[in-house]
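Working notes for the structure below.
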Amino acid sequence: MSRRLIIGAGVMGLLTLVALGGWLWSRNGLAIWLDAAIAFCL
Numbered sequence: 004m005s006r007r008l009i010i011g012a013g014v015m016g017l018l019t020l021v022a023l024g025g026w027l028w029s030r031n032g033l034a035i036w037l038d039a040a041i042a043f044c045l
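In terms of the numbering used here, the sequence shown opens at residue 4 and continues consecutively.
Here it is as structure tokens:
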């Protein structure tokens with residue numbers, strides 16, 4: 004269970020960094036990365 008939490012936290016951290024990077028690169032980047040993350044999770 005702890006390993007799953009660590010992996011989950013790492014993935015969420017990476018997604019957050021990517022989303023922030025996309026938003027800084029383009030104002031619509033955040034929405035695009037969020038859509039990509041949601042599609043990936045589904």
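Where a beta carbon is used, it is the ideal one built from N, C-alpha and C, also for glycine.
Burial check for Trp36: the Cβ neighbour count within 10 Å reaches 16 or more, so the residue is buried. In the displayed model, Leu37 falls within a helix according to three-state DSSP. For the pair Val14 and Trp28, the Cα-to-Cα distance works out to about 21 Å. Here the alpha carbon of Leu8 sits roughly 20 Å from the alpha carbon of Val21.
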